[in-house]
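Asks: Numbering-wise, the numbering used here comes out as the position in the sequence shown, counting from 1, plus 356.
We treat Cβ as the ideally placed atom computed from N, Cα and C, and that holds for glycine.
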Amino acid sequence: MPFYKPFSENPMVTKQDYQQLVLDLFEPVRPYLASQGAKMDFDQGGAIFDMSASALEGVARLLWGIIPLVKGGGEFEHWDLFHAAISQGTDPNHPNYWGVMDTINQTSVEKAAFGLLLAVLPEHGWAPLDPQTKENFAQWLAQIQQAQMPQNNWLFFTILVQAGLRKVGRSDLVDINKEASYLKTLKSFYLGDGWYGDGAGKNIDHYGGFAIHYYSLIYASLIEDADNELKHLFIERANEFCEPFSYWFAESGECMAQGRSLTYRFATAGFWASAAISDLSAMELGTIKGLWARHLRQWKDKPIFTAEGLLTRGYDYPTLTVCEGYNSPTSPYWAFKAFLPLALEDSHPFWQVEEKPLALSKKVYAMPAANTIIQRVGGHSIAHFSGTIEQQFQVDKYNKFAYSTCFGADFDSLKDSHQLLFGDNILAISFDEGVNWQMRMNNHHVVVDETQNRMSIEWTTGTLNITTVIDVLDNGESIRTHTIELPQDAWIVESGFAVSNWYQPKETLIQRQGIQANIEIRGANGTSQIISLDGYEKESRDGYRIHTNVVSPRTHVPYLLTKLSAGKHQLISRYRVHPTT
357 MPFYKPFSEN PMVTKQDYQQ LVLDLFEPVR PYLASQGAKM DFDQGGAIFD
407 MSASALEGVA RLLWGIIPLV KGGGEFEHWD LFHAAISQGT DPNHPNYWGV
457 MDTINQTSVE KAAFGLLLAV LPEHGWAPLD PQTKENFAQW LAQIQQAQMP
507 QNNWLFFTIL VQAGLRKVGR SDLVDINKEA SYLKTLKSFY LGDGWYGDGA
557 GKNIDHYGGF AIHYYSLIYA SLIEDADNEL KHLFIERANE FCEPFSYWFA
607 ESGECMAQGR SLTYRFATAG FWASAAISDL SAMELGTIKG LWARHLRQWK
657 DKPIFTAEGL LTRGYDYPTL TVCEGYNSPT SPYWAFKAFL PLALEDSHPF
707 WQVEEKPLAL SKKVYAMPAA NTIIQRVGGH SIAHFSGTIE QQFQVDKYNK
757 FAYSTCFGAD FDSLKDSHQL LFGDNILAIS FDEGVNWQMR MNNHHVVVDE
807 TQNRMSIEWT TGTLNITTVI DVLDNGESIR THTIELPQDA WIVESGFAVS
857 NWYQPKETLI QRQGIQANIE IRGANGTSQI ISLDGYEKES RDGYRIHTNV
907 VSPRTHVPYL LTKLSAGKHQ LISRYRVHPT T
């Protein structure tokens, strides 16, 4: 897959570099927008929603970069393309109409960008439109207030639309009762110590940073008539989030590859982007700038574009395996959320201050509010994790015992389990000698002990209840203890961290069988080892994985296989990793 040179060769240092980057990323999309208008289509497949919503994504998501570009003084010469798309997409009589909203609908998501456009740049997003288009646009946006909405970060989309309508003099269309209700619900998602759960399910993932905090800080910093009490609250919570969230990033810029929507790629710098415009006091501006800029730059040498320069679906490389059903060909352009600092004037301290390196003081950092213990090793982070397991999407984006900034995560963990090939960092059980397997599907109870750096989890596969204790040590080591009451004979697999063998062959450094089973393998991104400590007879193995890991299309996962009789057992193993990238 060729690199897109305007991206890979951009130094990404000055404001002008990033302004040019937005224009260069827009340029490959421009012919599609120019020729297809509101029904823009890359002809690369679809998503669970209709192609009209996919087209809307392609138009709206570009605005997350173009709005701050122009707000901060940058030049953009193609507003006419957006005006044409808005005219078509909001006209009920036009064949390219984006549709009526009354149910949970992807259209709600994309209306937020248009709301921000009207709130921040009405001179470009509203004033040039003819009277009929203005009326159509306002009425189409206002429909979001009648639509059913998931009770999660989506509620902010209505808040941004309402802010835009007010700015252009259409307060008559704003439902103030709904606004108050939604803001109250959004506040309630706060878990403490800076962390939001994305809805009542309390899901911990990047939506806390690039969605709830992101929209909160836009509300506090860019919306003129924002509630003062809420502004202070959102800023306070963002200040609390700075330190723990910084531990989700490597010194070299990579972020924790965990949770859904990873195909939005550098949107995961969105929190630092919104922090830059918000005058936070908890972290030096140079540190915020460094976290933001390093994350963007670390994408430069990765094949994430088509030959013509369109963003692909995937993560470090194109693959649909890591995507959700709601990821359309145009979905990756939510990555433009990372460009929010461009809204700042050239003279703003953010553009003058030197980037500061990430200097984290804690080798192990327990975060009870997020049901996580972070471990630092080799400039990278490992998250020992037991947050809510999201059942609606790929469960192994939430059900692994550990995630990292270096080794990635293997999804579809049990896809080839009948061949004894497994994803990373799981415990898998089979009651039919390896034909069918099950793994963690739900947590019943989680306790994070900050004094011992220990996590205790009571969880279930759906048919079997298991207790796991994770002791997090220094230097990339941890111990997992699984207590299981087996109703019948079973095969059990304990898997470790995946290593990449994309271009570099996997090496087996240690492989010992029996009661002292031990396996250590090395790949391009580091070493991964599992050592049995419990005295059971085990087979040490490793298995290949293809196009399932977020950072490498070819990985190997080490694991220990135990064959146990019915009854109570306690499996104990030590896990050790050392990143080399």
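By the DSSP assignment, the alpha helix (DSSP H) with W648 in it spans what residues?
Replies: Residues 641-653.
Asks: Which term fits G609, buried or exposed, when burial requires 16 or more other beta carbons within 10 angstroms of its beta carbon?
Replies: Burial call: buried.
Asks: Quick check on L425 - is its C-beta less than 8 Å from some C-beta in chain D?
Replies: The displayed structure is made up of one protein chain only, and chain D is not part of it.
Asks: Go through its chain and collect everything with a Cβ distance to G393's Cβ below 7 Å, but skip five positions before and after it.
Replies: Excluding sequence neighbours, G393 sits near A440, A441, Q444, N452.
Asks: When you compare only the Cα positions, how much space is there between A556 and L389?
Replies: Answer to the nearest angstrom: the Cα atoms are 38 Å apart.
Asks: Roughly how far, in whole angstroms, is the beta-carbon of D702 from the beta-carbon of K371, given that I think they are within contact range, below 8 Å?
Replies: The pair is a contact, with the Cβ atoms about 6 Å apart (cut-off 8 Å).
Asks: Rounded to whole angstroms, what is the Cα-Cα separation between F359 and T668?
Replies: Approximately 12 Å between the Cα atoms of the pair.
Asks: Determine the closest residue to A715 out of F706, Q614, L647, with distance taken between C-alpha atoms.
Replies: If we check each option's Cα against that of A715, L647 comes out closest.
Asks: Hey, D561 and Q614: beta-carbon distance below 8 Å or not?
Replies: Closer than 8 Å, so yes.
Asks: Return the chain-ordered list of same chain residues with a C-beta closer than 6 Å to the C-beta of M357, the five sequence neighbours on each side being excluded.
Replies: Low per-residue confidence applies at M357: pLDDT is 44, beneath 50, and the placement is therefore not dependable enough to give any value.
Asks: Across the region 913-929 and the region 839-855, are there enough close Cβ pairs to call them in contact, namely three or more that are closer than 8 Å?
Replies: Contact holds: three or more Cβ-Cβ distances are below 8 Å.
Asks: Can you pull the DSSP bridge partners for P887?
Replies: Note that residue 887 corresponds to Ile in the displayed sequence, not to Pro. Answer by DSSP bridge pairing, in chain order: N874, R930.
Asks: Put Q462 into one of helix, strand or coil per three-state DSSP.
Replies: Here Q462 sits in helix by DSSP.
Asks: Round the Cβ separation of A606 and L652 to the nearest angstrom and send it over; I've been treating them as touching at under 8 Å.
Replies: The pair is not a contact, with the Cβ atoms about 14 Å apart (cut-off 8 Å).
Asks: Taking K771 as part of the alpha helix (DSSP H), name the residues at either end of that continuous run.
Replies: Note, K771: premise wrong, no alpha helix (DSSP H); not H, not E.
Asks: Applying the criterion that 16 or more other CB atoms from any shown protein chain within 10 Å of the CB defines a buried residue, is N792 buried or exposed?
Replies: Answer is exposed; the Cβ neighbour count stays below 16.
Asks: Tell me the DSSP secondary structure of I560 in three-state form.
Replies: DSSP places I560 in coil when its eight states are reduced to three.
Asks: State the Cα-Cα distance for the pair R732 and L618, rounded to the nearest angstrom.
Replies: Approximately 22 Å, taken between the alpha carbons.
Asks: Which of the three DSSP states, helix, strand or coil, is assigned to M357?
Replies: Unreliable positioning characterises M357 in this predicted model, as indicated by a pLDDT of 44, which lies under 50. A coordinate reading is not provided.
Asks: Apply the 10 Å Cβ neighbour rule to N781 and answer buried if 16 or more other Cβ atoms are within range, or exposed otherwise.
Replies: Label assigned to N781: buried.
Asks: Cβ atoms of V907 and D531: under 8 Å apart, would you say?
Replies: Not a contact, by the Cβ cut-off of 8 Å.
Asks: Determine the direct distance from the alpha carbon of Q747 to that of V369, and round the result to whole angstroms.
Replies: Distance between the alpha carbons of V369 and Q747: 40 Å.
Asks: To the nearest whole angstrom, what separates the beta carbons of N809 and A739, a pair I think is in contact under 8 Å?
Replies: Actually they are not in contact, since the Cβ atoms of N809 and A739 sit about 13 Å apart, beyond 8 Å.
Asks: Kindly identify the DSSP beta-bridge partner or partners of E895.
Replies: Its beta-bridge partners are L917.
Asks: Report back the beta-carbon spacing between G414 and T686 to the nearest angstrom; my notes put them in contact at under 8 Å.
Replies: Contact flag correct, Cβ pair sits at about 3 Å.
Asks: Candidates V426, T677, W655, I730: which alpha carbon is nearest S364's?
Replies: Among V426, T677, W655, I730, the Cα nearest to that of S364 belongs to W655.
Asks: Quick one: residues in its chain with C-beta nearer than 8 Å to the C-beta of T937, no 5 flanking neighbours on either side, listed in chain order?
Replies: Correct list, in chain order: S608, C762, A880, N881, G882.
Asks: Given that a residue counts as buried once 16 or more other Cβ atoms are within 10 Å of its Cβ, and exposed if not, what is V803?
Replies: Exposed is the call here.
Asks: Does the distance from the C-beta atom of V825 to that of S812 stay below 8 Å?
Replies: Going by C-beta atoms, V825 is nearer than 8 Å to S812.
Asks: With distances taken from CA atoms, which of A536, R930, G525, S572 is nearest A629?
Replies: Nearest option by C-alpha distance: S572.
Asks: Entirely within the region 786-859 and at least 4 residues each: give me those alpha helix (DSSP H) ranges in chain order.
Replies: List check, alpha helix (DSSP H) in window: nothing returned.
Asks: Buried or exposed, going by whether 16 or more other CB atoms sit within 10 Å of the CB of H838?
Replies: Under this definition H838 is a buried residue.
Asks: Any idea what DSSP makes of Q869, helix, strand or coil?
Replies: It is coil, neither helix nor strand.
Asks: In angstroms with no decimal places, state the Cα-to-Cα distance between V933 and E833.
Replies: Approximately 7 Å, taken between the alpha carbons.
Asks: Are the region 759-773 and the region 898-912 in contact at 8 Å, needing three or more beta carbon pairs?
Replies: Because the criterion of three Cβ pairs below 8 Å is met, the region 759-773 and the region 898-912 touch.
Asks: My output table needs one value for Y682: the three-state DSSP class, helix, strand or coil.
Replies: Note: Y682 maps to coil in three-state DSSP.
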